[in-house]
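S.K.: Counting from 84, one number per residue, gives the positions in the sequence shown under this note's numbering. Quick reminder that beta carbons are idealized off the backbone N, C-alpha and C, glycines included. Just so it is clear, the structure is predicted and the values come from calculations on it, not from any experiment. Pasting a structure here, questions to come.
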Amino acid sequence: MPADVDWRTDTFVVIDLETTGLDPRHDHIVSYGAVPVRGGRVRTSESVYGLVNVPHDVPGTSVKFHGIRTQDLEGAPPLHDCVATLDELIGDHPVVAHCAWVERSFLRKAFRHSYLPFTSSIVDTAVLAQHVLDVELERGQSISLEYATTALGLPVHSPHHALGDAVTTASLFIALASRLERGHTLTTATLLEMSAAPS
Numbered sequence: 084m085p086a087d088v089d090w091r092t093d094t095f096v097v098i099d100l101e102t103t104g105l106d107p108r109h110d111h112i113v114s115y116g117a118v119p120v121r122g123g124r125v126r127t128s129e130s131v132y133g134l135v136n137v138p139h140d141v142p143g144t145s146v147k148f149h150g151i152r153t154q155d156l157e158g159a160p161p162l163h164d165c166v167a168t169l170d171e172l173i174g175d176h177p178v179v180a181h182c183a184w185v186e187r188s189f190l191r192k193a194f195r196h197s198y199l200p201f202t203s204s205i206v207d208t209a210v211l212a213q214h215v216l217d218v219e220l221e222r223g224q225s226i227s228l229e230y231a232t233t234a235l236g237l238p239v240h241s242p243h244h245a246l247g248d249a250v251t252t253a254s255l256f257i258a259l260a261s262r263l264e265r266g267h268t269l270t271t272a273t274l275l276e277m278s279a280a281p282s
C-alpha cells in the first residue's frame, strides 16, 4: 500500500490496453497507451503508446472495437518491449485503469512472461464512478468509460485507441478524485481502498 499522502501530491500512471479478447489465458495485448498524472494534472507530454506483435491473427470481433488488424502488427515490437516501456514509466507509482481487472490480468501475464513481477496497486475509475454517479447497476455490471466521462461533461478522446482511452481515463480520474475530496483531504490510500470496495 502506498504512503497515505494527498492524491494531488502523488504520481499515478494511467494505462489502457487494447487486446484480442478479454481472457488473458488465450488473448494478447495488441496496443498499449499510458500517461502520468502528477500534481493533479494529465502529463500528456510524457505519454507512451505502442503496438505489440502477437503470435496469432487478430480476430475480427476485436478489430471491430479497436481497428487494429493482423497486418498492422507486422514488424511491431514484441511484448517484452511493451513491458520494458511500461515498467520504466510505472516504477513504484500506483496505476489507474478503467475496469481495471482487464489491465491487471493482462499486465500480470505480460510481466510474468518477461520474468518481472507486476505488483502495482491499482485505482479503478469504474469503481470510483460508482461512488460519484447515481447509476443503478446489475450485479457484475460496471459504468463504461464513455458513460462516466460524458456524465461528468468531459471530452472522450479517440475511443478504443489505447492512448486516447488512457488520456480519457486520466481526465476522468482527476474529475472523480476532485469530487470525492470535497470538504476533506483525499489520500492515495483512500482511493485504492474505494477501488477495492464499491458501494
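Can you tell me the Cβ-Cβ gap for residue 203 and residue 226, rounded? I've got them flagged as a contact below 8 Å.
M.R.: Not confirmed; about 23 Å, so no contact.
S.K.: Inspect the CB distances between the region 173 to 193 and the region 94 to 102 and report whether three or more fall short of 8 Å.
M.R.: yes
S.K.: Does the region 109 to 125 come within contact of the region 160 to 176, defined as at least 3 CB pairs closer than 8 Å?
M.R.: With the cut-off at 8 Å, the region 109 to 125 and the region 160 to 176 touch.
S.K.: Can the beta-carbon of residue 261 be found closer than 7 Å to that of residue 237?
M.R.: no
S.K.: Kindly indicate the opening and closing residues of the alpha helix (DSSP H) around residue 255.
M.R.: 245 to 263
S.K.: Do the CB positions of residue 181 and residue 208 come within less than 7 Å of each other?
M.R.: yes
S.K.: Among the residues of its own chain, which have a CB less than 6 Å from the CB of residue 93, if the five just before and after it don't count?
M.R.: Listed in chain order, the non-local C-beta contacts of residue 93 below 6 Å within the same chain comprise 271, local neighbours out to five positions each way being set aside.
S.K.: Any heavy atom of the ligand ADP within a distance shorter than 6 Å of the CB on residue 107?
M.R.: Absent from the structure shown: the ligand ADP. Ligands present: none.
S.K.: Using a threshold of 7 Å, state whether the C-beta atoms of residue 141 and residue 153 are closer than that.
M.R.: yes
S.K.: How many angstroms separate the CA atom of residue 95 from the CA atom of residue 130?
M.R.: 12 Å
S.K.: Which of helix, strand or coil does DSSP assign to residue 159?
M.R.: coil
S.K.: State buried or exposed for residue 111, treating a residue as buried only when at least 16 other CB atoms are found within 10 Å of its CB.
M.R.: buried
S.K.: I'd like to confirm the pairing. Which residues does DSSP put opposite residue 180 in its beta bridges?
M.R.: 207
S.K.: Please classify residue 144 as buried or exposed, where buried requires at least 16 other C-beta atoms within 10 Å of its C-beta.
M.R.: Residue 144 comes out exposed.
S.K.: Mark residue 279 as exposed unless 16 or more other C-beta atoms lie within 10 angstroms of its C-beta, in which case mark it buried.
M.R.: exposed
S.K.: Can you tell me where the beta strand (DSSP E) with residue 274 in it begins and where it stops?
M.R.: Counting along the chain, residue 274 sits inside no beta strand (DSSP E); it lies in the alpha helix (DSSP H) bounded by residues 271 to 279.
S.K.: Output the distance between the C-alpha atoms of residue 259 and residue 217, rounded to the nearest integer angstrom.
M.R.: Answer to the nearest angstrom: the Cα atoms are 13 Å apart.
S.K.: Using a Cβ-Cβ cut-off of 6 Å (strictly less than) and excluding sequence neighbours within five positions of residue 162, which residues of its own chain qualify?
M.R.: 135 and 193
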